[in-house]
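Chemist: Quick one: this structure, given as structure tokens, is what I'll be asking you about.
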Ligand SMILES: [Mg+2]
């Protein structure tokens with residue numbers, strides 16, 4: 140309850156009754172919740188890396204993504220087995236990634252979004268794959284994992300943290316951020332559920348149908364409109 144003192148100041152009720160507001164309470168009353176946006180990368184800002192590698196190498200089984208296999212560990216173990224069976228090196232994969240561009244409008248989208256609020260890209264793959272895209276997107280903040288490489292051969296992968304997208308959103312909310320998240324696939328749904336507001340973008344029909352609680356948009360322009368509305372709300 141806000142009261143007006145004799146001197147015309149708006150003060151809290153405890154202060155108005157002559158009690159000094161404790162420092163901690165004053166500090167608390169000054170907290171302002173700010174907003175931050177977390178974005179999935181592949182399928183939102185960039186093409187799917189493994190699909191490009193599958194097309195370039197002719198290894199059709201590499202086309203499977205989190206859209207097809209919800210269990211990330213099953214998916215990654217399968218990919219590593221495939222690339223080693225076919226003698227594919229890290230530098231071969233990096234060469235393919237280097238030929239890829241972000242999705243049309245992605246650079247402009249993230250440039251504009253970064254003028255409006257803070258943005259973190261949450262990428263469920265690896266540092267070694269990310270750099271070419273980060274350069275083309277003007278180096279947004281990126282959280283991702285790391286491959287284990289021996290003599291240019293990918294022998295394993297190391298997750299910095301299981302379910303890092305969800306954990307990042309939870310941690311940001313613990314820092315008093317209101318989190319808006321967007322992603323395209325199964326591996327984004329725990330992040331979207333943890334966020335204050337979650338959007339699906341470019342999602343396949345099966346994901347949209349399975350997660351009707353998340354508003355689905357089909358373009359970066361549509362996502363920008365939704366984020367602007369959420370920022371203003
Ligand atoms: Mg994705």
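In our numbering, the protein residues as written are 140 to 372. Backbone N, C-alpha and C define an ideal beta-carbon position, used for all residues, glycine too.
Suppose you measure from the CA of residue 235 to the CA of residue 294; what does that come to, to the nearest Å?
Modeler: Each residue's Cα considered, the two are about 19 angstroms apart.
Chemist: If you measure from the CB of residue 247, is any heavy atom of ligand 1 nearer than 8 angstroms?
Modeler: Answer for residue 247: no, Cβ out of range of ligand 1.
Chemist: What do you reckon, is the C-beta of residue 179 under 8 angstroms from a heavy atom of ligand 1?
Modeler: Indeed, a heavy atom of ligand 1 lies less than 8 angstroms from the Cβ.
Chemist: Since I believe residue 337 is in contact with residue 183 (beta carbons under 8 angstroms), could you give me their beta-carbon distance rounded to a whole number of angstroms?
Modeler: Not really, about 13 angstroms apart at Cβ, beyond 8 angstroms.
Chemist: In angstroms with no decimal places, state the Cα-to-Cα distance between residue 240 and residue 188.
Modeler: When rounded, the distance between both Cα atoms is 11 angstroms.
Chemist: To the nearest angstrom, report how far apart residue 193 and residue 264 are at their CA atoms.
Modeler: Cα to Cα, residue 193 sits roughly 16 angstroms from residue 264.
Chemist: Touch check for the stretch 286-293 and the stretch 225-233: three-plus C-beta pairs under 8 angstroms?
Modeler: The stretch 286-293, when compared against the stretch 225-233, does touch it at the 8 angstroms Cβ threshold.
Chemist: For the pair the stretch 275-283 and the stretch 194-206, tell me if three or more CB-CB distances fall below 8 angstroms.
Modeler: Touching, no.
Chemist: Within 10 angstroms of the Cβ of residue 300, are there 16 or more other Cβ atoms? Answer buried if so, exposed if not.
Modeler: Exposed.
Chemist: Would you mind reading off the limits of the alpha helix (DSSP H) that contains residue 248?
Modeler: Taken as a continuous stretch (DSSP letters only), the alpha helix (DSSP H) holding residue 248 covers 245-255.
Chemist: So is the beta-carbon of residue 294 under 8 angstroms away from any non-hydrogen atom of ligand 1?
Modeler: Flag unset: Cβ of residue 294 not near ligand 1.
Chemist: Assuming residue 355 and residue 339 are in contact, meaning their beta carbons sit under 8 angstroms apart, how far apart are those beta carbons, in whole angstroms?
Modeler: Indeed, because the Cβ distance is near 4 angstroms, the residues count as touching under 8 angstroms.
Chemist: Might you give, ordered along the chain, the residues of its own chain that have their beta carbon closer than 6 angstroms to the beta carbon of residue 304, omitting 5 neighbours on each side?
Modeler: Closer than 6 angstroms at Cβ, skipping near neighbours: 261, 330.
Chemist: Could you give the DSSP three-state label for residue 358: helix, strand or coil?
Modeler: Coil at residue 358, not helix or strand.
Chemist: Apart from the five residues on each side of it in sequence, which residues of its chain come closer than 8 angstroms, Cβ to Cβ, to residue 172?
Modeler: The residues are 315, 316, 317.
Chemist: Between residue 187 and ligand 1, is there a pair consisting of the residue's CB and a ligand heavy atom that are separated by less than 8 angstroms?
Modeler: Yes, the beta carbon of residue 187 sits closer than 8 angstroms to at least one heavy atom of ligand 1.
Chemist: Please say whether residue 324 and residue 179 have beta carbons closer to each other than 9 angstroms?
Modeler: Result yes, Cβ atoms of residue 179 and residue 324 sit closer than 9 angstroms.
Chemist: Determine the extent of the beta strand (DSSP E) in which residue 338 is found, giving its start and end residues.
Modeler: Residues 336-340.
Chemist: Put residue 236 into one of helix, strand or coil per three-state DSSP.
Modeler: Reduced to three states, the DSSP call for residue 236 is helix.
Chemist: DSSP state of residue 332, grouped into three classes?
Modeler: Residue 332: helix per DSSP, three-state reduction.
Chemist: Any heavy atom of ligand 1 closer than 8 angstroms to the Cβ of residue 324?
Modeler: Yes, Cβ of residue 324 sits closer than 8 angstroms to a heavy atom of ligand 1.
Chemist: According to DSSP, simplified to helix, strand and coil, what is residue 280?
Modeler: Three-state result, residue 280: strand.
Chemist: Just the Cα atoms here: how many angstroms apart are residue 247 and residue 349?
Modeler: Cα to Cα, residue 247 sits roughly 31 angstroms from residue 349.
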